[in-house]
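Participant: Numbering (the UniProt record's numbering), first residue to last: 1 to 962.
For glycine and all other residues, C-beta sits at the position ideal for the given N, C-alpha and C.
One structure, as structure tokens, below. Some questions next.
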């Protein structure tokens with residue numbers, strides 16, 4: 001490699017001073033992803049989804065920012081300078097934001113539905129097509145019309161050339177048009193006599209060198225065109241193609257409705273690679289700026305990054321599913337039930353503060369759930385008609401489980417497809433609406449049919465009145481309300497038609513019914529005479545998905561498609577909007593036994609969250625995240641959180657665009673038992689507070705590797721600390737390469753760290769710090785290629801080459817057991833024996849897995865002075881390992897015995913007690929320095945050992961506390 005000079009330069013920014021950290025639980029997209037685009041520097045990308053959000057991600061997989069929209073996001077892009085984003089949604093708005101902003105601002109509202117949009121840069125023009133006709137408008141970023149173009153049919157895709165002079169369009173009439181929009185001249189593809197597409201053109205793009213045009217179509221083909229209108233190459237998929245892109249090297253990717261990606265070149269001889277990238281349709285593809293990888297976005301809610309050989313680099317997705325049902329159950333302890341669209345039930349049990357999550361086996365679609373007023377159990381199942389019973393703590397009700405002495409519960413099966421289910425107020429009857437053989441059915445708790453309330457059409461919803469004496473049904477397609485006395489199924493006591501489609505029903509009393517309509521209107525009806533008592537207007541016109549009446553019957557809650565919860569005061573007709581969800585609200589329920597002054601409401605949304613609100617203040621109390629069967633998180637609006645260990649591994653903070661590890665701020669925000677505390681079962685515990693305004697993360701530098709040397713240049717206005725830590729792989733090999741705090745670090749010789757390098761490719765990371773060094777930045781990679789034979793190396797541009805190991809590694813193992821102690825410390829029985837067993841196991845397995853095994857066993861049972869488990873021997877062995885081990889090797893260190901913690905200068909550390917310690921009082925510095933092993937000691941000794949893979953095992957008290 002000597003003689004080759006490759007420069008790798010990256011920019012690292014701590015953006016914006018004194019920004020408040022935002023806790024992130026990666027939710028990803030909860031519905032299909034429509035659009036993706038890289039930032040110009042390739043460090044970030046933006047995605048837009050049907051879930052009404054646009055998300056900025058970094059390429060390490062962190063979700064950096066999320067921007068809420070009124071409707072689904074159809075298009076999202078970065079500006080050419082990378083400092084802004086642009087989005088469009090189905091509401092015909094074009095929005096923009098600086099990448100450091102927390103919300104969008106409207107830039108332009110198009111008068112008609114937008115068919116396609118393309119931006120040239122952040123200062124000149126954008127192109128907008130009308131979804132209903134062939135009009136294309138070229139507008140400035142101030143919204144002013146520059147030019148108007150007209151085509152015969154609606155335009156489905158637009159793409160500017162690199163210089164902005166030309167605009168390529170694809171349309172419903174199967175044609176492409178290349179416009180010189182400045183002089184209105186155009187060229188139509190295909191030329192006469194050339195067979196082009198036979199169905200709608202779905203996407204077009206132009207090559208960066210301006211030589212080629214590319215089009216994809218519903219006819220299952222993609223065509224590469226010369227700009228004279230002739231066809232250079234045509235490829236075929238087995239399904240409609242919705243996405244295509246051309247790289248800077250004119251490599252092409254196409255993605256189709258069946259989830260297949262094809263990678264191909266412009267020449268006829270270029271190889272074609274095809275692979276299954278997603279289970280569902282691919283809606284968008286995008287090459288990275290360097291052309292070495294690309295992104296795919298799919299209806300499966302995920303984004304994937306691939307190398308040019310079709311190998312998966314990273315999958316970008318969230319860990320949440322849309323929440324379709326929420327409820328307080330067993331209100332005396334306020335257990336909480338949420339049900340996701342994939343039929344997963346999650347229960348937070350406040351009695352013993354446990355979390356229980358399980359699949360509803362009876363459902364493939366969003367489950368149907370019913371809970372009686374007494375909340376002793378719930379019933380859940382799917383539209384196929386099979387339902388099961390569960391206790392309020394989430395345990396299944398078995399055949400021998402009883403509500404009282406007369407009733408035994410089991411799973412039940414309804415014959416016809418079920419559209420709704422509700423339990424009577426006393427929990428003894430089940431009311432179901434059915435899709436076929438129109439009607440509602442009343443059954444006992446064992447599923448035996450009691451009454452069938454026949455209807456001329458399928459039932460959309462059926463509900464009990466507050467006393468359970470009456471039921472109301474609404475048709476699946478017809479807007480007819482039918483009211484029955486439960487004792488008489490022959491004919492309804494009243495029947496009336498309402499003007500708009502009904503989506504949900506709820507009784508206020510036996511005689512008053514609310515309907516939530518698809519046009520966003522809530523109406524109050526007297527079901528005795530069919531008269532309309534009142535309209536509760538909907539300024540946003542968004543479909544109502546859920547209704548709930550408060551226990552005192554004074555308030556009505558609605559949840560709609562805009563993510564808004566609206567609380568109506570039924571006494572005076574006033575309303576308040578609660579904004580918190582980022583997507584459709586599918587469920588709202590008031591708590592049943594709370595006093596009115598502290599009444600709670602629970603909501604569930606497509607955004608994957610369950611939220612608890614205070615009805616009086618209108619403020620959000622908590623957000624609950626159900627991640628999987630084991631993991632969960634609870635977060636307050638002011639940033640306090642509680643979470644399972646697995647969830648905390650996924651969580652992090654963002655400050656501007658910077659990612660801050662959870663552990664760096666955990667002490668300021670972590671509150672165990674937070675759910676019980678906020679619901680009034682426990683008192684809030686004090687936490688170590690951090691002055692958020694002191695989190696000044698202003699720091700900017702650039703770094704480069706030239707052959708064997710690193711150069712770092714801080715910008716003059718960088719306010720952060722100039723401390724820089726150097727990592728090779730995951731190992732910190734130098735805590736500060738800039739001890740003098742200079743603005744420039746020049747010619748740092750990497751060969752001084754050569755013992756840590758693998759042959760060939762090594763990933764080196766620099767980590768910077770804020771002003772008081774309380775927070776560190778996210779590490780970012782520099783790639784360094786090293787050759788031990790020539791003792792040389794070079795920096796390289798980003799690559800997807802895997803790190804290679806030549807030959808089998810060696811195992812270096814230190815196994816320490818301490819059963820006997822010199823002073824007042826209680827002697828232990830097993831540490832020496834456990835250490836001996838561990839050593840035997842490592843020898844037996846290690847010889848089969850490693851080239852050599854170098855093992856040192858130190859115990860208090862040894863008769864050899866060099867094998868006694870004292871501080872000197874432990875330090876001696878680890879320093880010998882530091883001399884002998886290589887970067888490719890594996891290190892394992894095991895300690896068994898007594899441990900303790902002690903805070904020195906306010907910073908707690910773990911201490912392993914060796915055989916010579918005479919007291920457990922660690923306030924004596926001589927004791928700590930001579931007879932214990934501190935976590936700082938171990939960190940120093942292990943860092944000096946080149947082995948890149950290291951395992952540290954403690955079987956000692958207090959070892960998990962620090």
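1) Hey, could you find the ends of the alpha helix (DSSP H) residue 931 is sitting in?
2) Taking only three categories from DSSP, how would you classify residue 495?
3) Give me the Cα-Cα distance between residue 689 and residue 663, rounded to the nearest whole angstrom.
4) Going by DSSP, what residue range makes up the alpha helix (DSSP H) through residue 836?
5) Can you tell which of 28, 638, 80 and 435 has its C-alpha closest to the C-alpha of residue 64?
6) Considering Cα atoms alone, identify which of 468, 705, 759 and 544 is closest to residue 746.
7) Count the other CB atoms, across all protein chains shown, that sit within 10 Å of the CB of residue 98; report buried if there are 16 or more and exposed otherwise.
8) Please state whether DSSP places residue 463 in a helix, a strand or coil.
9) Is there contact here, the region 925 to 932 with the region 881 to 894, by at least three beta-carbon pairs under 8 Å?
10) Look at the Cβ atom of residue 659, then the Cβ atom of residue 670, and state whether they are nearer than 8 Å.
11) Within the chosen definition, does the region 422 to 430 reach the region 442 to 452 through at least 3 CB pairs nearer than 8 Å?
12) Where do the N-terminal and C-terminal ends of the alpha helix (DSSP H) with residue 881 fall, by residue?
13) What are the uninterrupted segments assigned as alpha helix (DSSP H) that are 4 or more residues long and contained completely in the UniProt repeat "WD" (275 to 309), given in chain order?
14) Which term fits residue 322, buried or exposed, when burial requires 16 or more other beta carbons within 10 angstroms of its beta carbon?
15) Kindly indicate which residue of 412, 357, 351 and 395 has the alpha-carbon position closest to the one of residue 381.
16) Give the range of the alpha helix (DSSP H) segment to which residue 348 is assigned.
17) By Cβ distance below 8 Å, which residues in the same chain neighbour residue 373 in space, the five residues on each side in sequence not counted?
18) So residue 59 and residue 47 are in contact, right, with Cβ under 8 Å, and what is the actual spacing, rounded?
19) Should the region 843 to 854 be regarded as contacting the region 904 to 917, the criterion being three or more beta carbon pairs within less than 8 Å?
20) Since residue 645 is in the beta strand (DSSP E), which residue starts that stretch and which ends it?
21) CA-CA distance, residue 13 and residue 776?
22) Quick one: residues in its chain with C-beta nearer than 8 Å to the C-beta of residue 824, no 5 flanking neighbours on either side, listed in chain order?
23) In its own chain, which residues sit with a C-beta less than 6 Å from the C-beta of residue 614, not counting the 5 before and 5 after it?
24) Rounded to whole angstroms, what is the Cα-Cα separation between residue 977 and residue 634?
25) What does a CB cutoff of less than 8 Å around residue 1023 pick up in its chain, not counting 5 residues either side in sequence?
26) Report the three-state DSSP secondary structure of residue 562 (helix, strand or coil).
27) When burial is assigned at 16 or more other CB atoms within 10 Å of the CB, is residue 883 buried or exposed?
28) Going by CA-CA distance only, name the one from 280, 336, 248 and 627 that's closest to residue 294.
29) Quick one: Cα of residue 84 to Cα of residue 78, how far?
30) Taking the alpha-carbon positions, what's the residue 505 to residue 575 distance?
31) Alpha carbon to alpha carbon, how far is residue 639 from residue 647? Give it in angstroms, no decimals.
32) Using 8 Å for Cβ pairs, my map puts residue 147 next to residue 181. What's the rounded Cβ distance?
33) How many whole angstroms separate the CB atoms of residue 212 and residue 191, which I take to be in contact at a CB cut-off of 8 Å?
34) Buried or exposed for residue 577, going by 16 or more other Cβ atoms inside 10 Å?
35) What is the residue span of the alpha helix (DSSP H) that residue 664 lies within?
36) Would you report the Cα separation of residue 535 and residue 524, rounded to the nearest angstrom?
Facilitator: Once the coordinates are examined:
1) 925 to 931
2) strand
3) Any reading at residue 689 must be qualified, since the residue scores a pLDDT of 49, below 50, and its modelled position is unreliable; the value itself is stated next. Cα to Cα, the separation comes out at about 14 Å.
4) 831 to 849
5) For the residues 28, 638, 80 and 435, the minimum Cα distance to residue 64 belongs to 28.
6) 705
7) It counts as exposed.
8) In the three-state DSSP reduction, residue 463 falls in the strand class (E or B).
9) no
10) no
11) yes
12) Run containing residue 881: 871 to 884, per the alpha helix (DSSP H) assignment.
13) none
14) buried
15) 412
16) Element bounds for residue 348: not the alpha helix (DSSP H) but the beta strand (DSSP E), 344 to 349.
17) 425, 426, 427 and 592
18) In this structure residue 59 is not in contact with residue 47, their Cβ atoms being roughly 12 Å apart against a cut-off of 8 Å.
19) no
20) That residue, residue 645, is in no beta strand (DSSP E); its alpha helix (DSSP H) goes 645 to 650.
21) A caution first: residue 13 carries a pLDDT of 36, below 50, which makes its placement in the model unreliable, though a value can still be read off. Whole-angstrom Cα-Cα distance: 12 Å.
22) 918, 919 and 920
23) Taken in chain order, the residues that qualify are 621.
24) Here the chain has residues from 1 to 962 only, and residue 977 is not among them.
25) No statement about residue 1023 is possible, as the shown extent of the chain runs from 1 to 962 and does not include it.
26) coil
27) exposed
28) 248
29) 6 Å
30) 19 Å
31) If you take the alpha carbons of residue 647 and residue 639, they lie about 16 Å apart.
32) 5 Å
33) In fact, because the Cβ distance is near 16 Å, the residues do not count as touching under 8 Å.
34) With fewer than 16 other Cβ atoms from the protein chains shown falling within 10 Å of its own Cβ, residue 577 counts as exposed.
35) 662 to 669
36) 6 Å
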